């Protein structure tokens, strides 16, 4: 209950901070693209709209996840509001989980509106929505799962570091996570046992953001196998839980004196 | 907060820790499941998303040196990966090397080793010596004083393309560059006089072996030297067989007969320890099919 209250407050705070204003920019982008793409491209325009829409959704979502995620805890410490909160019967883990869920709720609303925007744009171009377009919604859910992981990482870093460094670390881990498969390939081509073992270890240790990479497949009308989708979804949830548990462990031991 | 083993805070921390260990194991398991399923559902991806080195140079915002190193590493990993998987196609090799050298036109090792990867015959390399000469000529355009590039270009002409005139011209041109080794001029003369003799080839590979600083390049030179040594052995055995057959007045059916009549004191083996074979139908000495000696045209 306390977690949900904190989450609700965090969501309201994000709305107050005009985070959802990015939707206006997204709306303008998608409307203008729908209007002009038909005249400047050859082939399926809806494919470009899906690519553009989902990519914009990912970029905006990642920026929000990183830059708001790193502020969630730090702002409360900086403004000293955390002390009054923790003086009440609120556990530290409740505070952290509430903050996390609040931002996830903000991102979910953001993604839901953006996905609706993509559907509206497709309807404008094609005058119909096909049953296969459900893939766009599924892709949106997987992107939310990915952003959940980014928020968890941002919270972890912000629980022991400054906002600037937390942003840097989160962004670096996000970038490395997209090259994760290359680490394994590099190891598999190496003759050294140590390099092989180290690359395997890093491959499983670091978050694999490649698991959430389905935008172009969705745009081409295809989709990843349902079990791969499910495993990727579970991977994001469990990895986020893992990082949150670690953040709680760090936050529990943090001395606020 | 006093955290004794019995305190609630201690218990909570332990539960969190156990949860962390458990969820980490689940993450690894899920990743393995994804990898396994992805392999089943996806075809092998082989794509180069940005193919223009010039575009990448602009995008690198001045960090083109670093990006060139990254692309060179990608080229090396790609080459190694294809070889390990027994692939005979090296479609991305040339574009990757070209991007690396466009990003950094002074990246000498990319020209030099890239040319080896491109020239070597399948399954060791891409079997594209013509592309290797283009790469090296491009390298010479950007580094006209670098004698090693002339040496490598001459080598590709000589060994892979068998164009002895062009090889001699390139060696001669390279011999005029600063720090060029004196043998370049001698070798050019040798080539013009005797064309593609094995002696000349041995001289070149020996030089490559002695000057190589990278183990794979040294190993490649050693393999070629062993192949040439095997060719010398085969010629020697062939001459011996002809002589014996003339004396005996009948053809030999196996090399064992040379041992039996006392011409050889043991069965002849190639430099890697495999038996040479006499093909009774052609009367020619050959490498054993099991032999690990590299075959030379």
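Residue numbers (my numbering), protein chains in the order written: chain A, 3 to 259; chain B, 16 to 312. Where is the CB? At the ideal position from N, CA and C, for every residue including glycine. Given the structure is predicted, the values throughout are model-derived calculations rather than measurements.
Asked: Boundaries of the alpha helix (DSSP H) in which residue 229 of chain A is found, first to last residue; Found: 228-255
Asked: Neighbouring residues, chain B, relative to residue 247 of chain A (Cβ below 9 Å); Found: 31, 32, 34, 35 and 38
Asked: Interface residues of chain B facing residue 115 of chain A [CB-CB closer than 8 Å]; Found: Simply none; closest approach about 29 Å.
Asked: Through-space distance from residue 78 of chain A to residue 30 of chain B, alpha-carbon basis; Found: 26 Å
Asked: Own chain, CB closer than 7 Å to residue 26 of chain B, minus 5 neighbours either side, in chain order; Found: none
Asked: Nearest neighbour of residue 12 of chain A, chosen from A:145, A:190, A:96 and A:138 [CA to CA]; Found: A:96
Asked: For residue 293 of chain B, the three-state DSSP class (helix, strand or coil); Found: strand
Asked: Neighbour-count burial assignment, residue 285 of chain B, 16 or more Cβ in a 10 Å radius; Found: buried
Asked: Cβ-Cβ distance between residue 162 of chain A and residue 172 of chain A below 8 Å; Found: no
Asked: CB contact below 8 Å: residue 309 of chain B versus chain A; Found: no
Asked: Closer than 8 Å at the beta carbon, the chain A residues around residue 169 of chain B; Found: Near residue 169 of chain B there are no residues of chain A at all, since even the closest Cβ is about 31 Å away, more than 8 Å.
Asked: The region 108-125 of chain B: positions lying closer than 9 Å to chain A by Cβ; Found: none
Asked: Contact check, residue 40 of chain B vs residue 247 of chain A, beta carbons under 8 Å; Found: no
Asked: Residue 300 of chain B - partner residues in DSSP beta bridges; Found: B:293
Asked: Cβ neighbours of residue 242 of chain A in the same chain (closer than 6 Å, five flanking residues each side left out); Found: 150, 151 and 154
Asked: Anticipated Cβ contact below 8 Å, residue 69 of chain B with residue 79 of chain B, distance rounded; Found: Their Cβ separation, rounded to whole angstroms, is 10 Å, which puts residue 69 of chain B and residue 79 of chain B out of contact at 8 Å.
Asked: CA-to-CA distance, residue 251 of chain B to residue 272 of chain B, given in whole angstroms; Found: 16 Å
Asked: Nearest-angstrom Cα separation, counted from residue 109 of chain A out to residue 63 of chain A; Found: 7 Å
Asked: Closer than 8 Å to chain B by CB, residue 250 of chain A; Found: yes
Asked: Beta-bridge partners of residue 284 of chain B, as assigned by DSSP; Found: B:290
Asked: Cβ contact check for the region 205-214 of chain A and the region 169-186 of chain A: 3 or more pairs under 8 Å; Found: yes
Asked: Of the listed residues A:144, A:118 and A:245, nearest to residue 25 of chain A (C-alpha basis); Found: A:118
Asked: Minimum Cβ-Cβ distance from residue 305 of chain B to chain A less than 8 Å; Found: no
Asked: Closest Cα partner of residue 236 of chain A within the set B:28, B:23, B:37 and B:42; Found: B:42
Asked: Beta-carbon proximity check, residue 216 of chain B vs residue 241 of chain B, cutoff 8 Å; Found: no
Asked: Cα-Cα separation, residue 196 of chain B to residue 190 of chain B; Found: 7 Å
Asked: Heavy atom of the ligand ZN within 7 Å of residue 55 of chain A beta-carbon; Found: This structure lacks the ligand ZN, and indeed carries no ligand of any kind.
Asked: Residue 52 of chain B: contacting residues in chain A (beta-carbon distance under 8 Å); Found: 227, 229, 230 and 233
Asked: Length of the line joining the Cα atoms of residue 205 of chain A and residue 210 of chain B; Found: 53 Å
Asked: Inter-residue spacing [alpha-carbon to alpha-carbon] between residue 190 of chain A and residue 198 of chain A; Found: 6 Å
Asked: For residue 136 of chain A, three-class secondary structure by DSSP; Found: helix
Asked: Below-8 Å beta-carbon distance, residue 129 of chain B vs any chain A residue; Found: no
Asked: Under 7 Å by beta carbon: chain B residues contacting residue 236 of chain A; Found: 45
Asked: Rounded separation between residue 16 of chain B and residue 249 of chain A - CA only; Found: Here residue 16 of chain B scores only 47 on pLDDT, less than 50, and its place in the model is too uncertain to base an answer on.
Asked: Sequence-distant residues of its chain with Cβ nearer than 6 Å to residue 127 of chain B (five each side left out); Found: 167
Asked: Interface residues of chain A facing residue 3 of chain B [CB-CB closer than 8 Å]; Found: A query on residue 3 of chain B cannot be resolved here, the shown segment of chain B reaching from 16 to 312 and no further.
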